[in-house]
Amino acid sequence: MNNRWNAFIYKCWAPIYDFFFNQGAFYRARKRVFDGMEILKGSNVLFVGIGTGADLEFFPLEHIHAIGIDYSPDMLKKAKERYSSVEFKQMDAQHLLFPNQSFDIVVASLILSVVPDPHQAMAEMVRVTKRRGRIVIFDKFSDSKRSVLKRTTRPFLQLMGTDIGRSFKQLYETCQHECRIVEDEPVMLKGMYRKIIMEKR
């Protein structure tokens, strides 16, 4: 997986992405991730890998300053069509062009399983989060015992733009000195997809 391939594959995904990943089980999972989350008026919120903007409907956009970034211009175009009040930027999640401690909340939905270097992306999200700010993650992660099916399908799914073999435990090890996990719960597919909220120390 690399950025050039991701740009191509998500150009293909853009017209049909919402059909597969923003209805049914995925919609219910997103709702479960964001429902009831405390969001203070005036909060600066960064959506990393905003895609078509599927997460935005769960946020009080009239009361926050929301910025959505994505590497794919085709996915961003879809998001812009739906949410004209949100600021969108084409940007690499592995190299966020924001100062340190810029955001109260950083949202990362289905992005750590997509970027070529999830450790770098995680480090960047932590860097731009304010102290006592939160990083909200909705993504799929692998446990230590990968089934034969997962092992055999992983290369094909990587070609489709996602990786089902990434370990959150390994990702967290790179930032645990800066963050603590305040929530970690399964939301879909028997715990393969998880809601994880971290608070920056």
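Every letter in the sequence shown is one number past the one before it in full-length UniProt numbering, and letter 22, counting from 1, is 22.
The beta carbon of each residue, even a glycine, is placed where N, CA and C say it ideally should be.
Predicted, not measured: the structure shown is a model, and the values here were computed from it.
Counting every other CB atom within 10 Å of its CB across the protein chains shown gives E124 a total of 16 or more, marking it as buried. Per the coordinates, the alpha-carbon of S113 lies some 14 Å from the alpha-carbon of Y71. Selection R127, K200 and D117 evaluated against Q170 yields D117 as nearest (Cα-Cα). With fewer than three CB-CB distances shorter than 8 Å, the segment 95-107 does not count as touching the segment 75-85.
Counting only residues of its own chain and dropping the five nearest sequence neighbours on each side, I69 has a CB closer than 8 Å to the CB of L46, F47, V48, G49, I50, F88, K89, Q90, M91, A93 and L96.
Where F103 is concerned, the enclosing beta strand (DSSP E) starts and stops at F103 to S109. Burial state of S84 is exposed, judged by a 10 Å Cβ sphere holding fewer than 16 other Cβ atoms. With fewer than 16 other CB atoms across the displayed protein chains lying within 10 angstroms of its CB, M160 is exposed. With a threshold of 16 other beta carbon atoms within 10 Å, T52 meets it and is buried. When beta bridges are read from the DSSP output, F47 appears opposite G68 and V107.
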